[in-house]
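Let me begin by presenting the structure, written as structure tokens, before commenting on it.
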Amino acid sequence: MSFVSAQTVVRLDAERCRVPLRARFSYDGEDPYVVQAVFFDGPTVLARWHFDRQMLAEGLHTPVGEGDVAFSPHRAPGGDDELRVALRGPSADGERNAVLFVEARALSGFLEQTYAITDVGEESLDLDRLLEEFLAR
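Going by the working numbering, the residue at position 81 of the sequence shown is 81; the numbering climbs one at a time, nothing skipped.
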């Protein structure tokens, strides 16, 4: 199996509360550096982001990232460990920012599944195939 995905609930940081959203994290061994995250409100896709797998894992333990994506460890009000995800991106009316919180245990479990497909340091890209796909466009 070269593909895994996991669904979990993330919490969107709103003005005075955290709003629960559904998220699906996916990993394909054909693109070994990337974790895709899709965020939903019911059946509606709110956003789709591609994260660097190593950066995502590092963010569980230390702040990483700048610009559009940043991750940092966080302690939830109830004491559980979380990953704080800060996202920034363009929109029709300027720039939008969002802060999400993901349960660290759920994300760590998903990352362990990705390492079973492609272990850390074993990632590689088929550059000939990528070039061929690029030139075919």
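Each residue gets a CB set at the ideal place from its N, CA and C atoms; glycine is no exception.
For residue i: DSSP bridge partner residues
i, result
"Gln54", "Answer is none; Gln54 lacks a bridge partner."
"Thr8", "Ala23"
"Arg48", "Val38"
"Asp13", "Arg18"
Chain-order list of residues whose beta-carbon lies under 8 Å from that of residue i (same chain, five-residue window excluded)
i, result
"Pro63", "Ala70, Phe71, Ser72 and Pro73"
Within 8 Å, strictly: CB atoms of residue i and residue j
i, j, result
"Arg186", "Thr114", "What the structure shows of the chain is the stretch from 1 to 137, and residue 186 is not part of that stretch, so it cannot be assessed."
"Leu100", "Leu12", "yes"
"Phe39", "Ala57", "no"
Residue i: first and last residue of the uninterrupted beta strand (DSSP E) it sits in
i, result
"Arg88", "Asp81 to Ser91"
"Asp41", "Val34 to Asp41"
"Gly65", "Val64 to Glu66"
"Pro73", "Val69 to Arg75"
The alpha helix (DSSP H) enclosing residue i, as first and last residue numbers
i, result
"Ser108", "Ala104 to Ile117"
Short CB-CB distance (under 8 Å) between residue i and chain D
i, result
"Val120", "No chain D is part of this structure, which consists of one protein chain only."
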